[in-house]
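Okay, so the sequence shown: first residue is 34 according to my numbering, each after it adds one.
Where a beta carbon is used, it is the ideal one built from N, C-alpha and C, also for glycine.
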Amino acid sequence: MKNILVIGSTGQIGSELTRELRKRYGGSHVVAGYIVGAEPKGDLLEGGPAAIADVTDAQHIADVVEEFKIDTIYNLAALLSVVAESRPRLAWKIGIDGLWKVLEVARTHNCSVFTPSSIGSFGKDTPHDNTPQDTIQRPRTIYGISKVTTELLSDYYQLKYGVDTRSVRFPGVISYVTLPGGGTTDYAVDIYYSAVRGEKFVCPIGKGTFMDMIYMPDALKAAIDIMEADPARLVHHNGFNVASMSFDPEIIYQAIKKYKPEFEMEYQVDPLRQSIADSWPNKMDDSCARNEWDWKPDYDLDAMTVDMLKNLEIRLK
Ligand code: AKB
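The following block contains the structure:
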């Protein structure tokens with residue numbers, strides 16, 4: 034990776050990935066791609082070049098790739114699971130029509146591409162415990178359908194045209210920097226904000242609902258390490274299971290209560306979020322990622338909780 038374009042650089046993962054890539058490869062080598070209305074600000078704007086890179090406009094992406102001699106594209110444009118259910122056509126337009134445009138630019142300009150998949154690519158017929166790398170993927174949400182298609186289309190470009198496409202299936206990503214918007218796993222971020230603000234947390238996901246989660250530094254590490262991986266060792270290319278921690282609302286609540294004994298939580302289950310969560314794995318088996326490119330997370334629930342609380346105390350002061 035010499036010159037990198039991050040599409041969606043102002044989103045939850047994109048903003049932190051852009052900063053991390055700039056730290057590793059130098060500010061001038063990482064272009065913060067954005068759409069009108071979601072412009073980068075502060076250090077994201079000042080730390081390196083920025084350019085409009087809208088996945089619905091292939092010519093625009095090609096222009097940016099040429100101008101900055103891009104060889105690697107991180108395509109993070111997507112609607113999250115809950116919001117996608119209310120705007121399915123837009124979710125498809127951004128997630129799949131957009132991906133097709135990015136892949137075409139990559140094919141004609143010889144770029145590698147990372148487009149994340151998600152635990153949302155699984156469905157209720159998938160084995161829920163120790164979900165294997167290669168298994169049934171029959172999701173019933175538009176988000177899930179678009180994520181399975183993302184994996185398949187990325188593999189197609191790899192096999193048919195030799196485009197170097199790679200990706201992981203992200204669990205719910207937890208961070209104190211940029212809030213996620215409209216995801217099923219968002220509760221695991223919101224709960225920390227309530228704890229630090231001294232508010233009672235109203236949990237939209239029911240007790241006993243386990244989902245895979247990952248702390249942002251590990252999510253960034255996964256996104257960068259898979260693109261740096263030795264291609265000779267890769268059996269899979271797109272949609273690697275990456276696991277880190279799995280918990281239900283009660284477990285994360287108790288983990289926070291250890292440091293905030295006065296913290297309270299009650300349940301008001303949201304039927305849409307719950308039905309999506311019920312169709313996702315309880316815990317994935319990530320042995321392929323571990324074997325093929327040495328994936329290993331650094332944070333467990335307790336280490337993440339300490340870091341989240343410490344940093345949110347500072348940010349929300
Ligand atoms: C969501 O909840 O939609 C995302 C995801 C797990 O893909 N965080």
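Alpha-carbon spacing of Asp219 relative to Glu295, whole angstroms: In a straight line, the C-alpha of Asp219 is about 22 Å away from that of Glu295.
DSSP-derived helix/strand/coil call for Met337: Under the three-state reduction of DSSP, Met337 is assigned to helix.
CB of Pro213 within 8 Å of CB of Gln92, strictly: Contact flag unset, no.
Bridge partner(s) assigned by DSSP for Ile207: Per DSSP, Tyr248.
Arg386 burial status per 10 Å Cβ neighbour count (16 or more: buried): No answer is possible for residue 386: the residues shown for the chain start at 34 and end at 350.
Contact between the segment 140-149 and the segment 194-211 (3+ Cβ pairs under 8 Å): Yes: the two stretches touch, three or more of their Cβ pairs being nearer than 8 Å.
Span separating the alpha-carbon of Ile136 from that of Ser187: The question names Ile, but residue 136 is Leu in the sequence shown. C-alpha separation (whole angstroms): 8 Å.
Alpha-carbon spacing of Met34 relative to Val206, whole angstroms: Those two C-alpha atoms are separated by around 24 Å.
Residue range of the beta strand (DSSP E) that includes Tyr107: Unbroken beta strand (DSSP E) run through Tyr107: Thr105 to Asn108.
For Leu123, the nearest candidate out of Leu109, Pro82, Lys157 and Tyr176 (CA to CA): Ranking the options by Cα distance to Leu123, first place goes to Tyr176.
CB contact flag (Ser277, Asp251, <8 Å): If you check the CB distance, Ser277 and Asp251 come in under 8 Å.
C-beta atoms of Asn271 and Asp318 nearer than 8 Å: No, Cβ-Cβ distance for Asn271 and Asp318 is not below 8 Å.
For Val201, the nearest candidate out of Trp328, Thr43 and Lys233 (CA to CA): For the options Trp328, Thr43 and Lys233, the alpha carbon positioned closest to that of Val201 is the one of Trp328.
Whole-angstrom C-beta distance between Gly66 and Val98, which should lie under 8 Å: That pair is no contact at about 10 Å.
Cut-off 6 Å between Cβ atoms - residues of its own chain near Ala262, not counting five sequence neighbours on either side: Contacts found: Trp326.
Minimum C-alpha distance to Lys126 - residue among Lys180, Thr43, Val339 and Asn324: Relative to the Cα of Lys126, the nearest Cα in the group Lys180, Thr43, Val339 and Asn324 belongs to Lys180.
Reduced DSSP secondary structure (H/G/I, E/B, other) of Thr182: In the displayed model, Thr182 falls within a helix according to three-state DSSP.
First and last residue of the uninterrupted beta strand (DSSP E) at Gly231: Looking at the DSSP string, Gly231 is not in any beta strand (DSSP E), and its letter there is neither H nor E.
From Val235, Ile285 and Asp311, residue whose alpha carbon lies closest to that of Pro160: Out of Val235, Ile285 and Asp311, Asp311 has the C-alpha closest to the C-alpha of Pro160.
Reduced DSSP category for Met260 - H, G, I as helix; E, B as strand; rest coil: Three-state result, Met260: helix.
Val115 vs Gly216 beta-carbon contact at 8 Å: Closer than 8 Å, so yes.
Beta-carbon proximity check, Val88 vs Gly131, cutoff 8 Å: Result yes, Cβ atoms of Val88 and Gly131 sit closer than 8 Å.
Simplified DSSP assignment, three categories, for Ala65: DSSP places Ala65 in strand when its eight states are reduced to three.
Inter-residue CB distance, Val235 and Glu299 (contact presumed, cutoff 8 Å): About 6 Å separates the two Cβ atoms, so the contact holds.
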